[in-house]
Amino acid sequence: MNSTTMQALRIHTYGNQQVLLEEQVPLPHVAEDDVLIEVVCTSVNPVDWKVREGWLAAEGLHQLPLILGWDVAGRVVQMGKQVSGLQIGSPVYAFGDLSRDGAYAQYISVNAALVAKKPRSLSFAEAASVPLTALTAWQAMHQLAEIGPGTEVLIHGASGGVGSFAVQFAKRQGARVSAVASAANHDYLRALGADQVADYRTPDYLKALGQFDVVFDVVDNDAPGIYDALNASGLYISTLKTHELPSRYHFAHERVLVMPDGDQLAHIGTLIDSGEIKLPEIVEMPFAQIAQAHARSETEHVRGKIVIRL
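For the sequence shown, my numbering assigns the number 22 to the initial residue and increments by one for each residue that follows.
Encoded structure:
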């Protein structure tokens, strides 16, 4: 690595896909507890285009210009002085810190505590599909929800990246899982372990499913009747927004704000390598088509994950 610059896709202002600009930019700074990763693959998550549109702009989390994309699978090419447990050339994957530049670039600098060795059974493309979505599902199903044998769990928006992992994590804890997605995705969800499936296009589809101890609303769309599907002592988990609930509802409400975590990623990787957890389907696209990948993700009807190969 002789160059001091790299190719990256940045935004200088918030807006639509046209604000994504491919540029030559300086290599990232590598602090004492960071690793520099040569990006082989990244992925597109809804947070990418929501940040691009200006979500979180008022919170001062980001400085423009900004490199988007925080999922990464690649190889370690430089390590800070305080880093141990990794080597130059180690194949790794990570969900990077949202407050720093992302992985729509040739290289990304990530705190080593957020990095895990790539699961041996996965290609780089497959590994890049895992971090943000798997961590979101893990933290919702293991840290926020108390799930055990017989717990009734509803996952709304189950066929996407987060939902695909959530179905499996909940089943692994002994839950009875009901999954909501379009009819075309029902066989896919049954293969992941869903006990019953429903099509959100069917009138009163929630009433036919019964009552639940945990509702994980991945799509955050305030579906009519979704609150009535939850037991009074149950838990409603949302992802991107906090809902204002009518006063007649008394169940608990948590919002999962995914946190990068290398240890959790390492554990998830072990489950993947052992065959206990299956990957969501992936659609692979080239770096030159990130704008098209954003447009596809913005439909919010992607099954599994969109992966970008550099």
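Just so you know, even glycine gets a beta-carbon here, dropped at the ideal spot from N, CA and C.
- Residue 324 is positioned such that its CB atom lies closer than 9 Å to that of residue 209.
- With a contact defined as Cβ atoms closer than 8 Å, residue 152 and residue 196 miss out at about 23 Å.
- In this structure, residue 54 places its C-beta atom within 9 Å of the C-beta atom of residue 134.
- Annotation for residue 78: 35 place their beta carbon closer than 7 Å to its own, counting only its chain and skipping 5 residues before and after.
- With 16 or more other Cβ atoms inside 10 Å of its own Cβ, residue 177 counts as buried.
- The criterion of a C-beta distance shorter than 9 Å is satisfied by residue 97 and residue 110.
- Cβ atoms of residue 237 and residue 258 come within 8 Å of each other, at about 5 Å.
- For residue 158, the three-state secondary structure derived from DSSP is helix.
- In this structure residue 242 is not in contact with residue 154, their Cβ atoms being roughly 18 Å apart against a cut-off of 8 Å.
- The DSSP assignment places 197-201, 217-219 as complete runs of the beta strand (DSSP E) inside the region 190-230, in order along the chain (cut-off: 3 residues).
- For residue 294, the enclosing alpha helix (DSSP H) starts and ends at 283-294.
- By the Cβ criterion, the region 295-308 is in contact with the region 178-191, since at least three pairs of Cβ atoms, one from each stretch, lie closer than 8 Å.
- In the DSSP assignment, residue 145 falls outside any beta strand (DSSP E) and lies within the alpha helix (DSSP H) extending over 145-149.
- Secondary structure of residue 173 (DSSP, three-state): strand.
- Here residue 147 has 300 as same chain residues with Cβ atoms under 6 Å from its own Cβ, once five neighbours each way along the sequence are excluded.
- Contact between the region 219-226 and the region 197-204 is present: three or more C-beta pairs spanning the two stretches fall below 8 Å.
- Annotated three-state conformation of residue 141 is coil, per DSSP.
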